[in-house]
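Report on the structure given below.
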Amino acid sequence: MSDHPAVASHQPQMTPQPAPQLAQTPESNLAGRLRHGELTIDPVAFAARFRGQVLALRPNEFRLLAHFVANPDRVFSRTALIDSLGKDSGLIDERTVDVWTGRLRRALREQGVPDPLRTVRSRGYVLDSIHDDRAE
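All residue numbers for the sequence shown refer to my numbering, where the first residue is 1032 and numbers rise by one.
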């Protein structure tokens, strides 16, 4: 960047975007890993595992899954999910979330992971908590 006032005023200003923060839940451990049944999300390593096997996920699929695992039992609108992925909801059509969710579900199914998401008609998507009936 130049110190000359005329040049400095024409430099584009880059505003750093904060990385999406994943809420810590009782299911998460000290290393920042999140768990949902046999599914483990490691945001630091940008890896998702099912029964110890790394899942092949695209970046948006991973971020979407991590967001749901970090925030179970909450219905998220399409706009809220776009925002949670750090995207500009003004530039992305809400139906894009349906595409991301479809790809996530397909990727999980192809790798033997049961679909953890539930569609809430006219509202959005939710990841329901897993309840262990044996513990009751």
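Glycine included, C-beta positions come from ideal geometry on N, C-alpha and C.
(message) Quick check: serine 1108 and arginine 1152, are their CB atoms within less than 8 Å of each other?
(response) Their beta carbons are not under 8 Å apart, which means serine 1108 does not touch arginine 1152 by this criterion.
(message) So for leucine 1158, helix, strand or coil by DSSP?
(response) Look at leucine 1158 here: in three-state DSSP terms it is strand.
(request) Could you please give the first and the last residue of the uninterrupted beta strand (DSSP E) stretch that includes valine 1151? (result) It spans 1148 to 1151 - the beta strand (DSSP E) in which valine 1151 sits, taken as one unbroken run.
(request) Quick one: residues in its chain with C-beta nearer than 7 Å to the C-beta of threonine 1150, no 5 flanking neighbours on either side, listed in chain order? (result) Around threonine 1150: Tyr1156.
(message) I'd like to check one pair, glutamate 1069 with leucine 1135: are the Cβ atoms closer than 8 Å?
(response) No, the Cβ-Cβ distance between leucine 1135 and glutamate 1069 is not below 8 Å.
(message) Beta-carbon within less than 8 Å of alanine 1087's beta-carbon, same chain only, minus the 5 sequence neighbours each way: which residues are those?
(response) Result list for alanine 1087: Ala1138, Gln1142, in chain order.
(message) Helix, strand or coil, according to DSSP, for alanine 1111 in the structure here?
(response) DSSP places alanine 1111 in helix when its eight states are reduced to three.
(request) Find the nearest neighbour of glycine 1117 within the set Arg1064, Ser1160, Leu1148, Pro1090, judged by alpha-carbon distance. (result) When only C-alpha atoms are compared, the closest one is Pro1090.
(message) Please state the DSSP three-state secondary structure of proline 1066.
(response) Contrary to the premise, residue 1066 reads as arginine rather than proline in this sequence. Note: arginine 1066 maps to strand in three-state DSSP.
(request) Let me know if proline 1145 comes out buried or exposed under the rule of 16 or more other beta-carbons within 10 Å of its beta-carbon. (result) Its Cβ having fewer than 16 others within 10 Å, proline 1145 is exposed.
(request) Starting from the C-beta of valine 1100, find all residues in its chain whose C-beta is less than 6 Å away, skip the five residues before and the five after it, and write them out in chain order. (result) Counting only Cβ-Cβ distances below 6 Å, and skipping sequence neighbours, we find Leu1065, His1067, Ile1072.
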